[in-house]
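>
There are 6 protein chains.
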Amino acid sequence: MLIKQLININKDHVNQIIEAIALVADMKIKLTKSEKKYVDLVLQDASKQIDAKFWDYDEKQEFFKGLKSNQPVSIKAVVGEYQGALQLTIKEIDLINDTEVDIRSLTPTSDWEIESMKKGLQYFYDKVQRPHLKTLLDKMIFATDHYEKFCTYPAARRVHHNFYHGLLQHVLEVLKYAYTVATTKKLSERQMERLIVMAFLHDWAKIWEYKQLPETGFTEEGSMLGHIFLGAHATLNTIEEIEGFDNDDKLIILNGILGHHGKLEFGSPVLPKTVEAQILHHADIMSGDVESILSFMKEEEGKEDSFTGKLWNMGTEFYKKG
Amino acid sequence: MLIKQLININKDHVNQIIEAIALVADMKIKLTKSEKKYVDLVLQDASKQIDAKFWDYDEKQEFFKGLKSNQPVSIKAVVGEYQGALQLTIKEIDLINDTEVDIRSLTPTSDWEIESMKKGLQYFYDKVQRPHLKTLLDKMIFATDHYEKFCTYPAARRVHHNFYHGLLQHVLEVLKYAYTVATTKKLSERQMERLIVMAFLHDWAKIWEYKQLPETGFTEEGSMLGHIFLGAHATLNTIEEIEGFDNDDKLIILNGILGHHGKLEFGSPVLPKTVEAQILHHADIMSGDVESILSFMKEEEGKEDSFTGKLWNMGTEFYKKG
Amino acid sequence: MLIKQLININKDHVNQIIEAIALVADMKIKLTKSEKKYVDLVLQDASKQIDAKFWDYDEKQEFFKGLKSNQPVSIKAVVGEYQGALQLTIKEIDLINDTEVDIRSLTPTSDWEIESMKKGLQYFYDKVQRPHLKTLLDKMIFATDHYEKFCTYPAARRVHHNFYHGLLQHVLEVLKYAYTVATTKKLSERQMERLIVMAFLHDWAKIWEYKQLPETGFTEEGSMLGHIFLGAHATLNTIEEIEGFDNDDKLIILNGILGHHGKLEFGSPVLPKTVEAQILHHADIMSGDVESILSFMKEEEGKEDSFTGKLWNMGTEFYKKG
Amino acid sequence: MLIKQLININKDHVNQIIEAIALVADMKIKLTKSEKKYVDLVLQDASKQIDAKFWDYDEKQEFFKGLKSNQPVSIKAVVGEYQGALQLTIKEIDLINDTEVDIRSLTPTSDWEIESMKKGLQYFYDKVQRPHLKTLLDKMIFATDHYEKFCTYPAARRVHHNFYHGLLQHVLEVLKYAYTVATTKKLSERQMERLIVMAFLHDWAKIWEYKQLPETGFTEEGSMLGHIFLGAHATLNTIEEIEGFDNDDKLIILNGILGHHGKLEFGSPVLPKTVEAQILHHADIMSGDVESILSFMKEEEGKEDSFTGKLWNMGTEFYKKG
Amino acid sequence: MLIKQLININKDHVNQIIEAIALVADMKIKLTKSEKKYVDLVLQDASKQIDAKFWDYDEKQEFFKGLKSNQPVSIKAVVGEYQGALQLTIKEIDLINDTEVDIRSLTPTSDWEIESMKKGLQYFYDKVQRPHLKTLLDKMIFATDHYEKFCTYPAARRVHHNFYHGLLQHVLEVLKYAYTVATTKKLSERQMERLIVMAFLHDWAKIWEYKQLPETGFTEEGSMLGHIFLGAHATLNTIEEIEGFDNDDKLIILNGILGHHGKLEFGSPVLPKTVEAQILHHADIMSGDVESILSFMKEEEGKEDSFTGKLWNMGTEFYKKG
Amino acid sequence: MLIKQLININKDHVNQIIEAIALVADMKIKLTKSEKKYVDLVLQDASKQIDAKFWDYDEKQEFFKGLKSNQPVSIKAVVGEYQGALQLTIKEIDLINDTEVDIRSLTPTSDWEIESMKKGLQYFYDKVQRPHLKTLLDKMIFATDHYEKFCTYPAARRVHHNFYHGLLQHVLEVLKYAYTVATTKKLSERQMERLIVMAFLHDWAKIWEYKQLPETGFTEEGSMLGHIFLGAHATLNTIEEIEGFDNDDKLIILNGILGHHGKLEFGSPVLPKTVEAQILHHADIMSGDVESILSFMKEEEGKEDSFTGKLWNMGTEFYKKG
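Chains as they are written, first to last, in my numbering: chain S, 40 to 361; chain P, 40 to 361; chain Z, 40 to 361; chain L, 40 to 361; chain E, 40 to 361; chain A, 40 to 361.
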């Protein structure tokens, strides 16, 4: 039976043979107590991750030695159940050529529709009137080869927005929340425009800090320098290219990018020193925290308890009823 | 020359005599080095506070002994300047009968229009459909003698929303911010309704925690028990009066009120354990922090530096240019 | 050989068959490397917990699917030793009817004698003279259906007083310590009476926060609202029922309950604002910390080192010699 | 009119001349705006401190140049009132010979009766049976020239027990609280004896750390090394003089002294690693905190508010009603 | 009597008239109680600061209105003494033309000899062999208009190295300490060279963050962006100009600059992730802390106590004897 | 094939039989899933640690029951590879008599040459001129039976300098770093000499706090009292034996020993209150941190990633390239 997405495998499939296409997210060679080698894998596609075993390592040694992380494969496997969770016993496994499959279809992706997200970007871009600010956004986001990356990169390594278009979705959330506050509190036109520009750019350098999906994790540059510095650096260099860029705008936008983590202990080298920068900071946390709770609760949906386990970045468990 | 509001006094009035009506916000009897008693006063109206001196204490001893804090008075005074700030030398001072003057016109007041704020309340109330939740809001806010207090009390003692209608304005801001997040993240109808109810009620007990304006400061009950406990207590008792109130709604709304400060060290005895409660918490900080920066920057407007002084609750100075 | 209490099993029983009655505290189905299912259990009675295995899961599948946590069972088992600790290989296992066995005899219980504890309660009750305070204690503890729960519930989920009568024993310790301080420091009669009342009531709501033994863990209400809020809430409602209850006593007793964890970061929404409340707070820690060290040292008694392992809530290991 | 104690001066004395004997606690030469020198003094006796002025510095220049801190003087002065507080305008001031006055009668003193405190010491001493422990107490406290100092020194520089016999009173409180806990929790005889010895010795080195009253403040040795090190050092040396001193007792008693502040950040170089040491630590805080609240509330008695000011070491204000 | 440096004024000058040249570090117009305006000044030169008064403000109103901060003036004044400190009563005060006086001679300056400091820079520069690193130092420090600023700017606003050549002296200290560690621990040639380059550049951006002496305080750019970001930004741009710059060297040097405060809470947006970066961090603290203690102790030299006051950044007082 | 050091075993030896001599660092009896007992060992010599298995426990039960930790053994074993790491399958294992092997050759040892380290000690000793200080060093380090221990003990239990001569190497590093700072900052002769003495003595009591190698871990005295107290105690007693020891030197040296961890929360009961003590503190951290990074990076050398794992005491991973 061909399974379209891993999430479609359910208890009814137990003891049946299924076929599926997935990425090898992780793989380890292990030893049974009787000293026989087997392969312990994690498979994933856009819908979920699942554990799998392959018991005859010795027969397919060459194949597994050549396997890379994030390699797409096709499998035939028996569905089993172990301590309440489904797992697969792989019978056949083969490489798939990159051209035969869209890797993106095997990787977690925002459930927001991409075209409407791009329209959202345009909507906020249009609210910026002053030419030097428009030019800054053009150069950093729209008119350059950055656009593709900006629209596909994740916004985090784990916990929240760690999927295709994650950065784009996060930026739109931040723009929306920040804009609501700004209109409610009747910020001036200049403040409003700067706030929009800062929201666009605050996490921009995540396209340098993270590896390109389906790979996950930090680049060396990302680990050593971080997106806060990299983003302010790129923005300052772009500003310097724009003739007559207003000096106060420059200082305020850069301070907003540097300060968007809100406190020194969270990695901002300076504190946010304008009301725009403080709004950006709070909108950023709001977006990250809410998404991390929602995605965590989705993961914990199957389990029976009335509370989830503890979500480490929130420091508490969550109530699942209601 | 009759001055309508204290904020209208300016450098052009120096050495002139003005007349005005104000509240006596503070008063101390002091001694000159030559051991003569004088009176050091702070006067205030809705527009600002100003220092004043009255040099002949001995002649008006009885009058000043009888003066209470927040007493409205009419004065004649010479305008002076001392270390860059304006101050008054009072020549004549008399009591005003409470009936001759609207004390509210002498007390700081929200610059949001009251009727449109009340419409705002109604707007969000109408989004709540389930009857037991509507009844809860009716009893706590609309259909009771609470309504008047809810619409006039301040939301803080200092820093932010510490003025007439401050609680009302703050609740509307929180409702607006929280609602934007909830629709953006597609919360369920039940979550949305609970979030609205929690936002309405989270600071409700400030009508018990604070004294009624123009008096400021905590009631004894407020100091000893705090609005977090008092609000959850009153809400739970009201819920118990409503037949068939959903149990999950009860736990989630109470947890939201108890947890809205977000962390134990900020006075929440339990952490927010639903996504609604976390949204409420962040919307609450957003409202408080942004208002405290804006009102602080207004205070610092006159001064010449490019940065304000340090705003204690934010831990930093703010940039005034741009 | 019939074993009366699990603690009586010792190294002399190794390789012998024993019979015993115990609760199933925990149970997991696991897989041997050869993919055979077995059952990994934790058994407990009032005296201790012990690990046990049952190797033929397939033969008793139905039995184990029906097993609940805290189910009393009778077993026949071979005693073994694994990495220095005793463990059981179960040969036979059967349900026991609840009527055949007193579950309490299988659950950890205070080693203080229950009747003398009840006399202790009475002793301190008699020190309270003012009628409204006596009525408060009557309603909350003595004259209601609360009394049974108050006398049997645990005072914690783990670490200290987490056994039958644990709350009662803890309250008596707190009363005793607080009373010693109050007499030493010559507190007034009013202060003394309030301190006694606060000590009686400070953890009262643990009868709502915890499940009833032998079940352990929090109720949903307990997780979401916590015993600090619940206790102050119930106390305030009871006070409101008592005509002419002194207002200062009300505020002080409620502040004492709300503040008994001593610091905001430990879950008190307000700080203790009277000397009575501070004494209560310190007596509460004294009772909890001392009991947690003593019970931890008892657990570690068998091991050979001169120090225990680290006790997590104290942050240090303890010296076992001397 | 001769005033026996400064606390007896009241509003009825305003504008009258009083005579009194007091210590000069502090003195500064100041300048009036008209550039005339005057003397600003703080006078104190056992009952309270009071501000005083002497306006003709030039006439008594030699006298004031010779005045030392804690010098006893006799004064004639006019009682005045300034911003609600009483103050003295000194007309005559003269030295008193140390032999004419008991300086102790001019210094704050424990209100516990000295002979009954000494009996208290004896009472707990008698509970220690094992000879090497008795010898340790004999050498450190009873049989040496330490006894006088131990019975007269303060236990702190400010906040609590900062008066004659303060150390003695504090040690008795700690003994009493610790003993109550130890009997309640049925500690072994050996634990009990060690706990008593540790309570006797924990603050012993305050007789080295502080200056002798009426002087206040730290000795150089006290500032540089602290009573925690000095006390453990002296105790270890005394133990080494006692033949056959049990080694576990040695380690446990020294750990108790070193650990009695309970946490590294409060100056204990090691944590308390026995139950005795933890009891000592909590009894020590209980004694210090309760005394600091009580003495602070006494100071604040006169003021009209329902709350005291904030007590810095407790981080909160206290409720004065009830 | 002409006084060469303010530090030369001593008690023998009291009541004499002196002449001196100094900068006006601070100035306030104040009111005597009799409502007469006077001027309260702080004068400074390289040797110290001293308080001064000018009593006839009205006569020299125009002069004082025109006075700027850090204006050099010549004065005639009577030396007085007030509460143990010397102060001046100014009789005559006049502007000095900037050309008549070297402002640097009136500003605090490093007591290290400037030429030997420049030799020190050269000494460490010569230890760097690899051309791309030499070029980086050439462009950032030696071959550009930065050299003059680098050699004259302060390294802090207060506490340590807050004087002419302060940055230069601090960098030399850091180089010396770091080099000692590197040779002791036998770092590789590559590590050593990178460490030297990082030490040269770590505080480089203080020439952008601070105002040019004799002005003190932050530039707007400095307050909003900070020297950590600015320094890494300038370094990265310079590196990009150098062909074939080794990529690992780039990441490590930039990480060293970004991480030199050692912890996020001290303003480093990333942690130091190489041994070179950690050595730099510790050498930087060593230099700052030691200098701040030494300069603080010099300030406190005159006072009689055996301890200084508390040095805020060290959290303690220091022992002056020995 | 006889292997000289465990570090010489490499992938070329896989499936071959090797012979070696090593210490048994750790040993556990475990069960295969088929319930057969085997032995899981960690072997170590001066060069590295390696995992080993012995599968026939039952045949050599007596031998393994008698094995102590740090026992030297000779083995014959087959080299295997498991999850990328080498491990041994032991075929033969026998005790070695202590006289046949130098245990030190099997224990990690400083790679600094011992004779040159001893010369280093002498070098700094010779810089101390004043006789009472020389006598102190003579008694504490050179002229007593302490010398051997001082030169062989480790300076830590893990992380840094946890090897033979570790204390000696650490003290020399601290002396060198501190001396560089002292000469750079032109400390007085007296300060310099005290700093050298303090550096010699600061960790002296580690010879009491740790067990003698090859045993590792704390003595009971070390756990209960700590090297900070023990070191200051021994130093004070030695000072008291030296006639005419300068009192300021005494206080400063003892404060330096007590304060060398720099902050209360790191176990110093008093803060460093002289510039010498602060230099000592920073030199101590510099030595410990740098050594812990270098030794950690050596351990992680084999692995392929560009970053190490996280080093717990530094809170970060380290970059391995460059």
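The beta carbon of each residue, even a glycine, is placed where N, CA and C say it ideally should be.
1. Within the 7 Å Cβ cut-off, does residue 259 of chain Z reach chain S?
2. In its own chain, which residues sit with a C-beta less than 6 Å from the C-beta of residue 131 of chain P, not counting the 5 before and 5 after it?
3. Determine, using beta carbons only, whether residue 258 of chain P and residue 250 of chain P come nearer to each other than 7 Å.
4. If you follow the alpha helix (DSSP H) that residue 292 of chain P is in, where does it begin and where does it stop?
5. Using a Cβ-Cβ cut-off of 7 Å, state whether residue 317 of chain L counts as contacting chain Z.
6. Run the CB neighbour count on residue 105 of chain S, radius 10 Å, all protein chains shown included, and call it buried at 16 or more, exposed below.
7. So, is the C-beta of residue 204 of chain P closer than 7 Å to a C-beta in chain S?
8. Residue 277 of chain E to residue 336 of chain P, Cα distance in whole Å?
9. Considering just the uninterrupted stretch of the beta strand (DSSP E) at residue 113 of chain P, what are its terminal residues?
10. Give the residues of chain P in contact with residue 108 of chain E, contact being defined as C-beta atoms less than 8 Å apart.
11. When Cβ atoms are compared, which residues of the stretch 332 to 347 of chain S fall closer than 8 Å to chain Z?
12. List in chain order: all unbroken alpha helix (DSSP H) runs of 4+ residues lying wholly within the stretch 233 to 261 of chain P.
13. Could you tell me the alpha carbon to alpha carbon distance between residue 169 of chain S and residue 354 of chain S, rounded to whole angstroms?
14. When the cut-off is 7 Å and only beta carbons count, does residue 232 of chain E lie next to chain S?
15. So what does residue 93 of chain E bridge to, in DSSP terms?
16. Work out the CA separation of residue 323 of chain L and residue 269 of chain Z for me, nearest whole Å.
17. Hey, residue 195 of chain A and residue 319 of chain A: beta-carbon distance below 7 Å or not?
18. Out of A:119, A:301 and A:64, state which residue places its alpha-carbon closest to the alpha-carbon of residue 313 of chain A.
19. Taking the CB atoms as reference points, tell me whether residue 316 of chain Z and residue 327 of chain Z lie closer together than 7 Å.
20. As a quick exercise: from S:107, S:184 and S:213, pick the residue whose alpha carbon is nearest that of residue 135 of chain S.
21. Are the beta-carbon atoms belonging to residue 308 of chain E and residue 265 of chain S less than 7 Å from one another?
22. Quick one: using the 10 Å Cβ neighbour count with 16 as the cut-off for buried, is residue 329 of chain S buried or exposed?
23. Among all the DSSP beta bridges, which residues are the ones paired with residue 127 of chain P?
24. Could you tell me whether the Cβ atoms of residue 65 of chain Z and residue 81 of chain Z are closer together than 7 Å?
25. For residue 66 of chain S, name the three-state secondary structure that DSSP assigns.
26. Does the beta carbon of residue 133 of chain P come closer than 7 Å to any beta carbon on chain S?
27. Select from S:183, S:223 and S:241 the residue whose C-alpha is nearest the C-alpha of residue 209 of chain S.
28. Thinking just about the alpha-carbon of each residue, which of A:151, A:225 and A:198 is nearest to the one in residue 191 of chain A?
29. Classify residue 303 of chain L as buried or exposed, calling it buried when 16 or more other Cβ atoms lie within 10 Å of its own Cβ.
This is what the structure gives:
1. Interface with chain S (7 Å Cβ-Cβ cutoff): residue 259 of chain Z is included.
2. In its chain, beyond the 5 residues on either side, 115 have a beta carbon closer than 6 Å to the beta carbon of residue 131 of chain P.
3. With contacts defined by Cβ atoms closer than 7 Å, residue 258 of chain P and residue 250 of chain P form a contacting pair.
4. Judged by DSSP secondary structure, residue 292 of chain P falls within the alpha helix (DSSP H) whose first and last residues are 286 to 297.
5. Flagged as an interface residue toward chain Z: residue 317 of chain L, by a C-beta distance shorter than 7 Å.
6. Flag for residue 105 of chain S reads exposed.
7. Output row for residue 204 of chain P: interface = no.
8. Each residue's Cα considered, the two are about 38 Å apart.
9. Segment 110 to 121, the beta strand (DSSP E) holding residue 113 of chain P.
10. Residues of chain P whose Cβ lies closer than 8 Å to the Cβ of residue 108 of chain E do not exist; the shortest such Cβ separation is about 13 Å.
11. Those would be 345 and 346, in chain order.
12. Runs found: 245 to 248.
13. Residue 169 of chain S and residue 354 of chain S: Cα-Cα distance of roughly 43 Å.
14. The Cβ of residue 232 of chain E sits no closer than 7 Å to any Cβ of chain S.
15. Paired residue(s): E:78.
16. Spanning the alpha carbons of residue 269 of chain Z and residue 323 of chain L requires a straight line of approximately 32 Å.
17. The answer is no: Cβ separation not under 7 Å.
18. Ranking the options by Cα distance to residue 313 of chain A, first place goes to A:301.
19. At a Cβ-Cβ threshold of 7 Å, residue 316 of chain Z and residue 327 of chain Z do not count as neighbours.
20. Residue S:107 is the option with its Cα nearest to residue 135 of chain S.
21. Yes, Cβ-Cβ distance for residue 308 of chain E and residue 265 of chain S is below 7 Å.
22. Buried, since its Cβ has 16 or more Cβ neighbours within 10 Å.
23. For residue 127 of chain P, DSSP records a beta bridge to P:91 and P:118.
24. Yes, these two residues count as a Cβ contact at 7 Å.
25. Per DSSP, reduced to three states, the secondary structure at residue 66 of chain S is strand.
26. Output row for residue 133 of chain P: interface = no.
27. When each option's Cα is compared against that of residue 209 of chain S, the closest is S:241.
28. Of the candidates A:151, A:225 and A:198, the one whose C-alpha sits nearest the C-alpha of residue 191 of chain A is A:151.
29. With 16 or more other CB atoms across the displayed protein chains lying within 10 angstroms of its CB, residue 303 of chain L is buried.
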